[in-house]
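Participant: Chains as they are written, first to last, in our numbering: chain W, 193 to 396; chain A, 193 to 396.
2 protein chains.
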Amino acid sequence: MGRPRTPLLDRERITTTALQLVDESGDFSVPQIARRLGVQTGSVYHHVDGRDGIVELLRERVASAIETATLDLEPWDTAVEAWARSYRAAFAAHPRAIPLLMTSPVRAPRVLDQYERAVTRLLDAGFEPAGIMALITALENLVLGSALDLAAPETMWELPDRAATPHLAAALAAAGDHRADRAFEVGLTALMKHARTLSGIHGS
Amino acid sequence: MGRPRTPLLDRERITTTALQLVDESGDFSVPQIARRLGVQTGSVYHHVDGRDGIVELLRERVASAIETATLDLEPWDTAVEAWARSYRAAFAAHPRAIPLLMTSPVRAPRVLDQYERAVTRLLDAGFEPAGIMALITALENLVLGSALDLAAPETMWELPDRAATPHLAAALAAAGDHRADRAFEVGLTALMKHARTLSGIHGS
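1) Look up A/V240 in the DSSP assignment and say whether it is helix, strand or coil.
2) Measure how close the beta-carbons of A/L383 and W/A382 come, nearest whole angstrom, since I'm counting them as under 8 Å.
3) For W/Y279, would you say it is in contact with chain A, using Cβ-to-Cβ distances shorter than 7 Å as the test?
4) Could you pull the DSSP bridge partners for A/V298 from this structure?
5) If you measure from the beta carbon of A/S221 to each beta carbon in chain W, is any gap under 7 Å?
6) Do you know offhand how far A/P321's Cα is from A/V247's?
7) Just how far apart, CA to CA, sit A/G395 and A/D269?
8) In the structure shown, what three-state DSSP assignment does W/S338 receive?
9) Helix, strand or coil for A/E252 per DSSP?
10) Rounded to whole angstroms, what is the Cα-Cα separation between W/R299 and A/M348?
11) Report yes or no: is there a C-beta of chain W within less than 7 Å of the C-beta of A/T357?
12) From which residue to which residue does the alpha helix (DSSP H) around W/H386 run?
13) W/E216 by DSSP, collapsed to three states: which one?
14) DSSP three-state call for W/S278: helix, strand or coil?
15) Could you tell me the boundaries of the alpha helix (DSSP H) in which W/Q232 lies?
16) Anything in the stretch 272 to 298 of chain W with a Cβ closer than 8 Å to a Cβ of chain A? List those residues in chain order, please.
17) Could you say if the stretch 273 to 286 of chain A and the stretch 252 to 260 of chain A meet the contact criterion of at least three C-beta pairs nearer than 8 Å?
18) If you reduce the DSSP assignment to three classes, tell me which class A/L304 lands in.
19) List, in chain order, every chain A residue whose beta-carbon is nearer than 9 Å to that of W/S391.
20) Output yes or no for whether 7 Å exceeds the beta carbon distance between A/A367 and A/L342.
21) For the alpha helix (DSSP H) that W/A367 lies in, which residues bound it at each end?
22) In three-state DSSP terms, what is W/G318?
23) Name the chain W residues whose beta carbon is nearer than 7 Å to that of A/T381?
24) Check whether the Cβ of A/S256 lies closer than 7 Å to any Cβ atom in chain W.
25) How would you list, in chain order, the residues of chain W whose beta-carbon sits under 9 Å from the beta-carbon of A/D341?
26) Given this structure, state the Cα-to-Cα distance separating A/N333 from W/G245, to the nearest angstrom.
27) Between the C-alpha atoms of W/G379 and A/L327, what's the straight-line distance to the nearest angstrom?
28) Name the chain W residues whose beta carbon is nearer than 7 Å to that of A/I324?
29) Can you pull the chain A residues whose beta carbon is under 8 Å from the beta carbon of W/V247, in chain order?
30) DSSP three-state label for A/P267, please.
31) Using 8 Å for Cβ pairs, my map puts A/R243 next to A/L211. What's the rounded Cβ distance?
32) Taking the C-alpha atoms as reference points, what is the distance between W/T389 and A/R288?
33) So for A/E204, helix, strand or coil by DSSP?
34) With H, G and I counted as helix, E and B as strand and the rest as coil, what does DSSP make of W/E259?
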């Protein structure tokens, strides 16, 4: 804001360093970034729009792995479903960034543009405008919860005494491999089915 | 394991201190807990089963706010839906604990008992055993994603240039208040509808 345009390389290095810190510890500070880059803290602030600006650079970096071309697929539900899968994969690569990015307001233009495309697809599909953000957010809550779950151990329930929880033991034994992927599929199927029933309600 | 049973008060104080640290920073260390309690790090280890043991104490503490009586409601879908709402409220009170607890295996007996009750309700309702954990996990991914979303700002999208994202701007303007609650309702409705279609498939 009002500052001279900074070289892309510096913002890239700041973003890369911030993401390393978040991947390691779930958070970052500007002095930590400066220390890793061997510069003064003030120099980092010279290149970015404060801590919040770095959060938005992180958001753009993580979201850049989402294949936005999915949003052009036909029909709309194929597009939304493919976008959700790609969204999950992008954030599963940086699970510790999820709480940080989920609890900061979205300002990054490239990310806002992605929402614009998703909203446009849903409007074109006949969704009531008032319900579109709730549907997208429900999908994101599932996607990001599932991305966190993908970072969890394959054996998520450790039963010290199977006799104490026999039905849980049986359900776990019957569940098979890839438990996180299976759970995501159940949730995604449910949300897409529900979304299809909502798509025709416009103007009613 | 093999250590003498410790006074409840000490474990309670360790848990309370660990939860304060997690609420503040998203993480805790045993030396940090010791410092806050004014004791040696070794003294803390004397009372708990290592760092993992403290994570399970945290899980029991956070999950103790879930109203498990919901799981006795009739019919089964009323029970599961009420459990999901209470689960979200309990974790929304400690959003920074969510990533930590979601990515550590569940060992706490009182929490395993809650899963046992949920699985039992679904088995009794006619669900195929192989799909029960995936359904519960899908519900948890939505619940915990939504609990994180509840910790996010009410204004989650800040548009610097409304003309650049006109459909997003219109969808946000139409969305109304309580955006996080509305999104959770959409997701929960979708999952419960899907669950009801699955409940009759047993043995097919």
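In this text, a Cβ means the ideal position worked out from N, Cα and C, and glycines have one as well. Please read these numbers as outputs of a predicted model, since none were measured by experiment.
Facilitator: If we stick to the structure as given:
1) Under the three-state reduction of DSSP output, A/V240 falls in the coil class, being neither helix nor strand.
2) The pair is a contact, with the Cβ atoms about 5 Å apart (cut-off 8 Å).
3) Chain A contact via Cβ: absent.
4) Under DSSP, A/V298 forms a beta bridge with W/W349.
5) No, A/S221 lies away from the interface with chain W (no Cβ there is under 7 Å from its Cβ).
6) Distance between A/P321 and A/V247, taken at the CA atoms: about 29 Å.
7) Confidence in A/G395 is poor, its pLDDT being 39 and thus under 50, which makes the residue's placement unreliable; the coordinate value appears in the next sentence. Each residue's CA atom was taken as its position, placing A/G395 and A/D269 some 20 Å apart.
8) Assignment of W/S338 by DSSP, reduced to helix, strand and coil, places it in the helix class.
9) If DSSP states are grouped into helix, strand and coil, A/E252 belongs with the helices.
10) In this model, W/R299 and A/M348 are separated by some 9 Å (Cα to Cα).
11) When Cβ-Cβ separations below 7 Å define contact, A/T357 makes contact with chain W.
12) Where W/H386 is concerned, the enclosing alpha helix (DSSP H) starts and stops at R371 to L390.
13) If DSSP states are grouped into helix, strand and coil, W/E216 belongs with the helices.
14) Three-state result, W/S278: helix.
15) Judged by DSSP secondary structure, W/Q232 falls outside any alpha helix (DSSP H); it is assigned neither H nor E.
16) Against chain A - using a Cβ distance shorter than 8 Å - the residues of the stretch 272 to 298 of chain W are P287, R288, I290, P291, M294, T295, S296, P297 and V298.
17) Judged by Cβ distances under 8 Å, the stretch 273 to 286 of chain A makes contact with the stretch 252 to 260 of chain A, as three or more pairs qualify.
18) The answer is helix: DSSP assigns A/L304 an H, G or I state.
19) None at all; the shortest Cβ gap to chain A is about 13 Å.
20) No, the Cβ-Cβ distance between A/A367 and A/L342 is not below 7 Å.
21) Run containing W/A367: P358 to A367, per the alpha helix (DSSP H) assignment.
22) In the structure shown, W/G318 sits in coil (DSSP, three-state: anything other than H, G, I, E or B).
23) Neighbours of A/T381 on chain W, chain order: H386.
24) Interface residue (Cβ-Cβ distance to chain W less than 7 Å): A/S256 is not classified as such.
25) Those are M294, T295, T329, E332, N333 and L336, listed as they occur along chain W.
26) Each residue's CA atom was taken as its position, placing A/N333 and W/G245 some 29 Å apart.
27) Approximately 8 Å, taken between the alpha carbons.
28) Around A/I324, the beta-carbon contacts reaching into chain W at under 7 Å are A363.
29) Residues of chain A whose Cβ lies closer than 8 Å to the Cβ of W/V247 do not exist, since the nearest Cβ in that chain is about 12 Å away.
30) Reduced to three states, the DSSP call for A/P267 is coil.
31) The Cβ separation is near 14 Å, so there is no contact.
32) Near 35 Å, if we compare the C-alpha coordinates of A/R288 and W/T389.
33) Assignment of A/E204 by DSSP, reduced to helix, strand and coil, places it in the helix class.
34) Coil at W/E259, not helix or strand.
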